[in-house]
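Chemist: Take a look at this one; I'll ask things after.
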Amino acid sequence: MIENQKNQSVSVTRANTIIVGAGAAGMNAATKLLEFQRIAGAENAADGLLVVTGGLALGASRMSGSDKQTYYKMGTSPSVPDTAEDFAATLTAFGCCHGDTALAEGIGSLRSFYHLVEAGVPFPHDPSGAFIGYKTDHDPAERATSAGPKTSRFMSECLQAVVERAGVRIIDKHPVLRFVTTGAGADKRIVAMICLDLTTGGDEAPIAVFAADNWILAGGGPGEIYQSTVYPRGQTGIHAPALQAGLAACNLTESQYGLASIKFRWNVSGTYMQVIPRIFSTDSGGGDEREFLTEYFDDMPSMATNIFLKGYQWPFDAQRITGCQSSLIDMAVHQETVVRGRRVWMDFLHNPVGTGGWDEFDSGALGAEAGDYLARTGALQALPIERLAHMNPPAIELYAEHDIDLHSEPLEIAVCAQHMNGGFAVDRWWQSNIPHTFVIGEMAGTHGVKRPGGSALNAGQVGALRSAEYIACANSRDSSKDKNRDDPINVAAAEAIAEINGMLEASESASQTPRDVMEDIRLRMTRFGAHLRSRPAAREALDAALGQYKRLSEEGIKLTGPDQLPQAVAAMQQCLTHIAMLKAICAMFDRGAGSRGSHCILDDDGVEMHPRLIDPETDRPYRFKEENEALRNEIVEITFNAEADDLFETTVVPPRPMPANDTAFETAWAKFREGGIYDKELL
Ligand SMILES: Cc1cc2nc3c(=O)[nH]c(=O)nc-3n(C[C@H](O)[C@H](O)[C@H](O)COP(=O)(O)OP(=O)(O)OC[C@H]3O[C@@H](n4cnc5c(N)ncnc54)[C@H](O)[C@@H]3O)c2cc1C
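Take any residue in the sequence shown, count from 1 to its spot, add 3: that is its number in this note's numbering.
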């Protein structure tokens, strides 16, 4: 038997506010709390603040990106007018998005953007100082900018430097085990967090306990639950402990999927596609090269133009498949890899190759949008690699840093999960349904069905700003502190130690290792909970997931030693997280779900995608149900309930409208002076 943890004495680290997660969102929350507390007159603003993370070097912000990773903000081009209401209208256009958070994201966007510029993020500007924009997916104006392939990494690092200069403590290598709550209803609070402490380096993973009045959860997306994923390795997120604490989640059905390289995980959006590489497939051993895209397009201009368009129409989009549009490419790649078991590659050394009777690739024959763009950017070189070197050398260097030389080798790609638009429900100050607990960044479910590329990073910055302001300016006025919190914390700490010991004891008779569990989860999500979904398959997957969770809860997980505890904890948490997502998918089917955003609902009576795209389940062309637009006005929220049939209860709420901004200055000023802007009555 594996030796138990023994006699661990647990001390509690206390702070006024604890931020969980150290990506671009969490780091900005720390800088903003420092600022607001200084403004409020705090002598040493860093004292009451703590950042705790599972991995300082981990997370999407620090490890992910694309050709030029996009930051979407209100327009800054000197000749293009823009307003926060127009910005919010773009964010809410496809439904299931609250108008008040969307407006706040518009209003807060330039303040947040310039804060990043001041922190040192190298966003490019022209000789007059104007930050020129470009167009991204679902973006009608040129609101996007970029600091290169690693924008979000620069953001996290520059913000971290600010935080460290101020002396804020960052506690690394502490994955969350669970949150401790007291009270119920409006009095419910998170009072503590129990983490595994991975800093000791020994065999055992002792626990560490943190207590705070305010919490900002910035744990990122649930990247580990998919088999085909471009999320960075180790990005588990903290959805399961947050759900178990009672936080309501929303829009868990909405995630983004798209083409990404898989040897080194990176999005192949933007210039990687706009230079129009050859895309081909091989058998599993790398032989038998085929120009498979020619099966789906009628001629070279149509195929080449759609490869170009995939650049800024990057996410798989249910509404861009029929009629030979750009998402037909994602489906063709899916068909080639998942259905036919082949591998797909991007080749920057050759232009697209056609089939019998097709013209050769000719940039002069491209559709207007592609042809004009390449001409305007001077990217008319003979080969894709030359066009890429001309338009975006850092995009080549990026792969070189990871030992992939685009000058000499093709890039293997697949359709991967990339971002979660849903998450936890928040109000317009990014406060969750549990007062004093805020959720920001990718963990917050503020995006709705579709979002413009780059708006995730903006939303993370604005959520950080808003939650920090609320904590510093509204919660500090709140004197209703519960002084008797130590008892539940001690009880929970003892339970956590018992849980860990129980996991070690149960391990001997358990059948599945953490790796087995994760393989099941990932396969289930990629097959049934990703870009292609069907009602019977989703229900079957949910039942299988519930069965697995029950079995693991009773039997435990097989471990080779205590050093595997973190993996076992993560596997249990991921199991609950994927149940939540499958439950949300099933709940949407009950409401009449159609295809929308970045997923298709397969349906025998639906619209044919393409005669050559054959569904292996039916041996007939894939058919999908069109969007049920009425559901744009319904947000499905789910909350954990261990007693409920599927472990979760669902409710439906309408999107909140965009607030009107017609208050006279004097009225607004009075409300601001008196603290009336903090909507206390709404909480
Ligand atoms: C390939 C790729 C390209 C992208 N491109 C763009 C783009 O161009 N524009 C855009 O706007 N967005 C883009 N996104 C999305 C965007 O990068 C993320 O949504 C954003 O960086 C998330 O920031 P965050 O701070 O919320 O979370 P993260 O940066 O993911 O940070 C999460 C933090 O939580 C910690 N953590 C995780 N799990 C635990 C745990 N169990 N316990 C304790 N701590 C934990 C992590 O260690 C990390 O510190 C892209 C994403 C990917 C994957």
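Glycine included, every Cβ here is placed at the ideal spot set by N, Cα and C. These numbers were taken from a predicted model, which means no experiment stands behind them.
Check whether the segment 602-613 touches the segment 621-633, counting contact only when three or more Cβ pairs, one atom from each stretch, lie closer than 8 Å.
Modeler: Touching, yes, given that three or more Cβ pairs across the two stretches are closer than 8 Å.
Chemist: Is I219 close to ligand 1? I mean its beta-carbon at under 8 Å from any heavy atom of the ligand.
Modeler: As a working mapping, residue 219 is identified with position 216 in the sequence shown. The answer is no for I219.
Chemist: For M446 and T95, I'd like the C-alpha separation in whole angstroms.
Modeler: In the sequence shown, the residue the question calls residue 446 occupies position 443. In the sequence shown, the residue the question calls residue 95 occupies position 92. Whole-angstrom Cα-Cα distance: 18 Å.
Chemist: Under 8 Å from any heavy atom of ligand 1, does the C-beta of H118 make it?
Modeler: In the sequence shown, the residue the question calls residue 118 occupies position 115. H118 Cβ: outside cutoff for every heavy atom of ligand 1.
Chemist: For N395, which residues of its own chain have a beta-carbon under 7 Å away from its beta-carbon, when the five flanking residues on both sides are left out?
Modeler: In the sequence shown, the residue the question calls residue 395 occupies position 392. Excluding residues within five positions, the ones whose Cβ falls inside 7 Å are D70, K71 and T274.
Chemist: Would you mind stating whether L535 and H602 have Cβ atoms separated by less than 9 Å?
Modeler: Here residue 535 is taken as the residue at index 532 of the sequence shown, counted from 1. Here residue 602 is taken as the residue at index 599 of the sequence shown, counted from 1. Yes; because the gap between Cβ atoms is below 9 Å, this pair is in contact.
Chemist: If I follow the unbroken beta strand (DSSP E) through V166, where does it start and stop?
Modeler: The residue labelled residue 166 in the question sits at position 163 within the sequence shown. No beta strand (DSSP E) contains V166, which is instead part of the alpha helix (DSSP H) from T154 to R168.
Chemist: Can you find the residues in the same chain that come closer than 8 Å, C-beta to C-beta, to V655, ignoring five residues on each side of it along the sequence?
Modeler: Locating residue 655 in the sequence shown gives position 652, counting from the first residue. R594, E637, I638, V639 and E640.
Chemist: Can we say the segment 155-170 touches the segment 210-230, given the rule of at least three CB pairs closer than 8 Å?
Modeler: Counting Cβ pairs under 8 Å, fewer than three are found: no touch.
Chemist: Kindly provide the ranges of any alpha helix (DSSP H) runs that are 4 or more residues long and lie completely inside the segment 496-568, ordered along the chain.
Modeler: The segment 496-568 contains these whole alpha helix (DSSP H) runs: 517-531 and 538-558.
Chemist: How far does the alpha helix (DSSP H) with C476 in it extend, from its first residue to its last?
Modeler: Within the sequence shown, numbered from 1, the residue matching residue 476 stands at position 473. Note, C476: alpha helix (DSSP H), S458 to C476.
Chemist: To the nearest angstrom, how far is the alpha carbon of D682 from that of F441?
Modeler: As a first step, residue 682 must be located in the sequence shown, where it is residue number 679. As a first step, residue 441 must be located in the sequence shown, where it is residue number 438. When rounded, the distance between both Cα atoms is 15 Å.
Chemist: Cβ of S115 within 8 Å of any heavy atom in ligand 1?
Modeler: To locate residue 115, count along the sequence shown from 1; it is residue 112. No, the Cβ of S115 stays beyond 8 Å of every heavy atom of ligand 1.
Chemist: Should H128 go down as buried or exposed, given a rule of 16 or more other Cβ atoms within 10 Å for buried?
Modeler: For the purposes of this step, residue 128 is identified with residue 125 of the sequence shown, where counting begins at 1. H128 should be labelled exposed.
Chemist: Straight-line CA distance for S537 to L585?
Modeler: Residue numbering aside, residue 537 sits at position 534 when the sequence shown is read from its first letter. Residue numbering aside, residue 585 sits at position 582 when the sequence shown is read from its first letter. Near 11 Å, if we compare the C-alpha coordinates of L585 and S537.
Chemist: Taking only beta-carbon atoms, is F668 less than 9 Å away from chain B?
Modeler: Given the protein chain composition of this structure (a single chain), no chain B is represented.
Chemist: Check the DSSP bridge columns for G600 and list the partner residues they point to.
Modeler: Here residue 600 corresponds to residue number 597 of the sequence shown, with the count starting at 1. Beta-bridge pairing links G600 to no other residue.
Chemist: Closer than 8 Å: is that where the CB of T154 sits relative to any heavy atom of ligand 1?
Modeler: Here residue 154 refers to the residue found at position 151 of the sequence shown. Result yes, Cβ under 8 Å from ligand 1.
Chemist: Might you give, ordered along the chain, the residues of its own chain that have their beta carbon closer than 6 Å to the beta carbon of F311, omitting 5 neighbours on each side?
Modeler: As a first step, residue 311 must be located in the sequence shown, where it is residue number 308. Result list for F311: Q277, I279 and A373, in chain order.
Chemist: What's the gap between the Cα of M303 and the Cα of G26?
Modeler: Looking up residue 303 in the sequence shown gives position 300. Looking up residue 26 in the sequence shown gives position 23. For M303 and G26, the distance between alpha carbons rounds to 42 Å.
Chemist: Between the beta-carbon of L180 and the beta-carbon of A583, is there less than 9 Å?
Modeler: Here residue 180 refers to the residue found at position 177 when the sequence shown is read from its first residue. Here residue 583 refers to the residue found at position 580 when the sequence shown is read from its first residue. No, the Cβ-Cβ distance between L180 and A583 is not below 9 Å.
Chemist: At a cut of 8 Å, does the segment 647-654 reach the segment 376-392 through at least three beta carbon pairs?
Modeler: Segments in contact, no.
Chemist: Would you kindly work out how many angstroms separate the C-alpha atoms of F351 and V271, rounded to a whole number?
Modeler: Start at 1 with the first residue of the sequence shown, and residue 351 comes out as number 348. Start at 1 with the first residue of the sequence shown, and residue 271 comes out as number 268. Each residue's alpha carbon lies about 12 Å from the other.
Chemist: By the three-class DSSP mapping on this structure, what secondary structure does W269 have?
Modeler: Position 266 of the sequence shown, counting from 1, holds the residue named residue 269. Strand.
Chemist: Alpha carbon to alpha carbon, how far is A32 from R554?
Modeler: Here residue 32 is taken as the residue at index 29 of the sequence shown, counted from 1. Here residue 554 is taken as the residue at index 551 of the sequence shown, counted from 1. The alpha-carbon atoms of A32 and R554 are separated by roughly 39 Å.
Chemist: Consult DSSP for K586 and reduce its assignment to one of helix, strand or coil.
Modeler: Taking the sequence shown and counting its residues from 1, one reaches residue 586 at position 583. Looking at K586 - three-state DSSP - the assignment turns out to be helix.
Chemist: Tell me, please, whether the segment 15-29 touches the segment 48-67 by the rule of three or more beta-carbon pairs shorter than 8 Å.
Modeler: The answer is yes - the segment 48-67 touches the segment 15-29, with three or more Cβ pairs under 8 Å.
Chemist: Over what stretch of residues does the alpha helix (DSSP H) that includes D103 continue unbroken?
Modeler: As a position in the sequence shown, residue 103 is number 100, starting the count at 1. Residues G102 to I110.
Chemist: In three-state DSSP terms, what is P624?
Modeler: Translated into positions along the sequence shown, residue 624 becomes position 621. Strand at P624.
Chemist: Does the beta-carbon of L166, which I'm using as the reference point, lie nearer than 8 Å to any heavy atom of ligand 1?
Modeler: Start at 1 with the first residue of the sequence shown, and residue 166 comes out as number 163. Strictly speaking, residue 166 in this sequence is Val, with Leu absent from that position. Checking the Cβ of V166 against ligand 1 gives no.
Chemist: Between the C-alpha atoms of A147 and K35, what's the straight-line distance to the nearest angstrom?
Modeler: As a first step, residue 147 must be located in the sequence shown, where it is residue number 144. As a first step, residue 35 must be located in the sequence shown, where it is residue number 32. Cα to Cα, A147 sits roughly 23 Å from K35.
Chemist: For G109, is the beta carbon positioned less than 8 Å from some heavy atom of ligand 1?
Modeler: Locating residue 109 in the sequence shown gives position 106, where the first residue counts as 1. Not under cutoff, so the answer is no.
Chemist: Using the Cα positions of F267 and S598, report the straight-line distance between them to the nearest angstrom.
Modeler: The residue labelled residue 267 in the question sits at position 264 within the sequence shown. The residue labelled residue 598 in the question sits at position 595 within the sequence shown. In a straight line, the C-alpha of F267 is about 30 Å away from that of S598.
Chemist: Whose C-alpha, out of A45, Q338 and R469, is nearest the C-alpha of E298?
Modeler: Position 295 of the sequence shown holds residue 298. That would be Q338, whose Cα lies nearest to the Cα of E298.
Chemist: Closest to I474 by CA distance: which of T16, A28, L37 and M30 is it?
Modeler: What you label residue 474 is simply residue 471 of the sequence shown in a count that begins at 1. Out of T16, A28, L37 and M30, L37 has the C-alpha closest to the C-alpha of I474.
Chemist: Could you check if R469 belongs to the surroundings of ligand 1, using beta carbon to heavy atom distance under 8 Å?
Modeler: For the purposes of this step, residue 469 is taken as residue 466 along the sequence shown, with counting starting at 1. R469: no, Cβ never under 8 Å from ligand 1.
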